[in-house]
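What follows is a short report on a single structure.
There are 4 protein chains.
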Amino acid sequence: MPLRKLPDEARRSERARRAILTAARDLTLDQGYARLTIEGIAAAAGVGKQTIYRWWPSKGAIVFDAFLALSQDAAGNLELPDTGDIEADLRTVLRETILELLDPRHDAAFRALASEIQTDRKLADNLVQALLGPQMEATKRRLQSAQRAGQLARSLDLQLATELFYGPIFHRWLLRTAPLDPTLADALVPLVLRALRPKSAKSPPDPRERDGTR
Amino acid sequence: MPLRKLPDEARRSERARRAILTAARDLTLDQGYARLTIEGIAAAAGVGKQTIYRWWPSKGAIVFDAFLALSQDAAGNLELPDTGDIEADLRTVLRETILELLDPRHDAAFRALASEIQTDRKLADNLVQALLGPQMEATKRRLQSAQRAGQLARSLDLQLATELFYGPIFHRWLLRTAPLDPTLADALVPLVLRALRPKSAKSPPDPRERDGTR
Amino acid sequence: MPLRKLPDEARRSERARRAILTAARDLTLDQGYARLTIEGIAAAAGVGKQTIYRWWPSKGAIVFDAFLALSQDAAGNLELPDTGDIEADLRTVLRETILELLDPRHDAAFRALASEIQTDRKLADNLVQALLGPQMEATKRRLQSAQRAGQLARSLDLQLATELFYGPIFHRWLLRTAPLDPTLADALVPLVLRALRPKSAKSPPDPRERDGTR
Amino acid sequence: MPLRKLPDEARRSERARRAILTAARDLTLDQGYARLTIEGIAAAAGVGKQTIYRWWPSKGAIVFDAFLALSQDAAGNLELPDTGDIEADLRTVLRETILELLDPRHDAAFRALASEIQTDRKLADNLVQALLGPQMEATKRRLQSAQRAGQLARSLDLQLATELFYGPIFHRWLLRTAPLDPTLADALVPLVLRALRPKSAKSPPDPRERDGTR
DNA sequence: CGATAATCGAGACGGTACGTCAGGTCTTGGC
DNA sequence: GCCAAGACCTGACGTACCGTCTCGATTATCG
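Top to bottom, those sequences are chains A, B, C and D.
When we follow the working numbering, the leftmost residue of the first sequence carries the number 1, and every step to the right adds one.
When we follow the working numbering, the leftmost residue of the second sequence carries the number 1, and every step to the right adds one.
When we follow the working numbering, the leftmost residue of the third sequence carries the number 1, and every step to the right adds one.
When we follow the working numbering, the leftmost residue of the fourth sequence carries the number 1, and every step to the right adds one.
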């Protein structure tokens, strides 16, 4: 579901579309989103400016499409691993998320989008719908599965629970209050899980809390 | 510690400085940061552009200074309330934080800054140092006080604990994954506190958990 | 042969070109070349600055084009009158030249150009090629015709002879060593012609010298 | 008679004055008058801008003063050589004049002044009064001396006669209609003198015209 | 199959803002 | 008390891009 205007897509030049997205991605990566210009993209893509304006409403929308490809399969039918060990599974996923944010290719693009959505509501909706939402939904599903397995409290607000995992990560990354690195996942997951476990004193699901180590 | 270039500050015109910051704030509020221009500020402030360029390196830096005044007393010797009830105190503070983010005056400015720091590292450092840092430090101090009162686990990573509170709030606000409203604080605080309490099952310090849950 | 940069002239907007030249001429005439600005021209012409910079390299080049129209027909296939009376013909032409220099419309423009060519070699070449050169060439042709009629010495350096006529006029006009007025032509022409006549003492071609002086 | 404003010159700093004129001359010579700025002069002279504005009304006036020194002795009590041979004397002087115009040091300054006087009437008057006038007056005196010796016609308009010599030279130099070089003097002087000699058929003063060769 | 209409590249156009330069005036602090 | 230093407001510079708008020259269905 790329950000496209409506007109008859049949006539659209696939060559041009690809050239534009490729140029947008390359230019963003090697000079940063701030220096990215429509004219620059057009020139690099060997395309008229009008061709860009015909199909995309804004610079942000192009970048969105340009980088969507990188994560798009993930976005489609995303599912978290389910080994039965909720802590391990979350750690795996969050480490991956962090590594993705640290990868310069994604870093540039995601920061650009994070920046743009402060202004562009439509883009924000698209970003949530295509990337952030699916990821969070998948996480919720995994939490729900753990919940059904009695590992998490029954009364959990899954949305909020999910944000407990992603919030601190994006907080560091977006606001730069502290350096982000994958070990954050290792500290974060067990800590948050303490809040999510069933309230019963016996708390059998968590092996560690019971006997101290594991 | 505003963002300034080199020239002799002794000769600086206080009149011009104030006019610029006022104009920048007013313009940001009624047309948004995206439409804010240096020329517009200069015109509105009755000031030459050069006077702006002489003292500020970027549009973001001006807005930073312009809005710093709004929160700057808070930033200086910020301290969280300490009624002995950590949950109530945190709820109070986080509600205030959320309300501030929802206040259009701050919303415009903070989004602008959040957007700019994705690109401008220097500005990011200043933002953390002048606003975000002090707020988080104060929060850490309050958590530490609760820790000393035996209400929180002794082994806590206070930095991470703090991020557990602020992360989800900023996550919603910046990434727009869900609407932000003050009731988030009410759900968030008790949930996170479950993760932070001492590991002893009886957890006597928290009156609510003792007789409320079990 | 106006002064143009490289871009594809086929796409050039005739409307814009005309508006620019008209604005340049009008502004020069009513505020003087010194106060003329590119921005002023663009504004008066209802044109983007870039459109000016796209087609002209300098303010001088615009004024050159703007005023070329005034004299351009003359420049094309200029020919001096040839009544057979070289003295009368030159007097006619030089009076006209002087009157043109005194006409405020031309005065402003020509002084501007005279000023600019001290710095701008390219403009100087264009000025000579389009205006001064043709005028002098036509004068040379008329002198040559008189030469063939035996009214002037056979061995004349026509270039130098021509400069004998124009030099003193421009000297007064440019350096302001003395006020310029059309009667200068009446004194100048017969005096210079004395230098140009055939060396034979009897000098029959000049009716006046024959029966007037002696 | 340099171009100064009126205020009490007693307080004037001679050091500053000299530094300013020297800086103006140096800067003009090595970057051209067009790039010369008041700020540049002030900086190079180690002087406040106000000190310049206090004593000179315009950039042209500074350059005028700065270069006046070069020719000022000449301007004061200028006298042409008088060997009795008017042709030789004029040739000598005009060659010198041409060489001076070709000397880069003077070329830069004189072109600057020639350019400025198109706009600045006051400067024009000063230039004529201090440099061009004296030179022409001296030339007139020499012509008058030749006249008294019977070498030139009695009825001559000396002003016009003088312009016959200088006009062509400055015409080439200012309007760049032809390259200027010292041999111009050799061709110019005898030709113009033909126009100035007494009208008597015997014309004894000119040896050459009489016997054909010399 | 050839017409015919939308799309394509190219880039000129009217604009807005940029960041810089210099002008001429005004203020300050040190000598 | 003068003067270097330089901040100030002003105005113009020349450049970069914006988003819109022609231009032919391909396409690529559809009559």
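Quick reminder that beta carbons are idealized off the backbone N, C-alpha and C, glycines included.
Neighbourhood of residue i by C-beta, 7 Å cutoff - its chain only, sequence neighbours within 5 removed
i	result
C:R146	Rather than Arg, the amino acid found at residue 146 of chain C in this sequence is Ala. Excluding positions up to five away in sequence, the list reads I86 and L152.
C:Q144	L158
C:G40	L27
C:I38	K49, I52 and K59
C-beta neighbour in chain D for residue i, strict 7 Å
i	result
C:P57	no
C:F170	yes
C:R194	yes
C:T183	no
C:L175	yes
C:G60	no
Helix, strand or coil at residue i according to DSSP, with G and I counted as helix
i	result
B:R208	Low local confidence applies: a pLDDT of 45 at B:R208 is under 50, so the model's placement there is unreliable, with the coordinate-based value given in what follows. The answer is helix: DSSP assigns B:R208 an H, G or I state.
A:G32	coil
B:T135	Per the sequence shown, the amino acid found at residue 135 of chain B is Gln instead of Thr. Note: B:Q135 maps to helix in three-state DSSP.
C:I117	coil
B:Q151	coil
C:I47	Residue identity differs from the one stated: residue 47 of chain C is Val in this sequence, not Ile. Of the three classes helix, strand and coil, the one that applies to C:V47 here is coil, per DSSP.
D:R18	helix
B:A10	helix
A:T92	helix
A:S58	coil
A:P190	helix
B:P81	coil
D:P2	Interpretation of D:P2 is limited by its pLDDT of 47, a score under 50 that renders its predicted location unreliable; the figure taken from the coordinates is listed afterwards. If DSSP states are grouped into helix, strand and coil, D:P2 belongs with coil.
A:P104	helix
C:P198	coil
C:R176	coil
D:T97	helix
B:D157	coil
A:T37	coil
D:D181	coil
Contact with chain B by residue i, beta-carbon distance below 7 Å
i	result
A:R142	no
A:S115	yes
A:E163	yes
A:A242	Since the first and last residues shown for chain A are 1 and 214, residue 242 of chain A lies out of range.
Min CB distance residue i to chain C below 7 Å
i	result
D:L99	no
D:Q135	no
D:L191	yes
D:L68	no
6 Å Cβ shell around residue i - same chain, five flanking residues per side excluded
i	result
A:P104	none
C:D120	G60
C:A124	I117
C:A112	Y33 and V63
Rounded Cβ spacing between residue i and residue j (contact assumed at less than 8 Å)
i	j	result
C:V63	C:A24	6 Å
B:L174	B:A114	6 Å
C:P182	C:I98	5 Å
A:A44	B:L191	Contact doesn't hold; Cβ gap of about 49 Å is too wide.
D:A16	D:T51	5 Å
D:H171	C:F170	5 Å
A:V93	A:L101	Actually they do not touch by this definition, with Cβ atoms about 13 Å apart.
Neighbour flag for residue i against chain A, beta carbons, 7 Å
i	result
B:G84	no
B:T139	no
B:L132	yes
B:A34	yes
B:G167	yes
B:L160	yes
Other residues of its chain near residue i: CB distance less than 8 Å, five sequence neighbours each side excluded
i	result
D:P168	L184 and L188
Which residues, in order along the region 105–129 of chain D, keep a beta-carbon less than 7 Å from a beta-carbon of chain C?
-> Within the region 105–129 of chain D, the qualifying residues are R111, A114, S115, I117, Q118, T119, A124 and V128.
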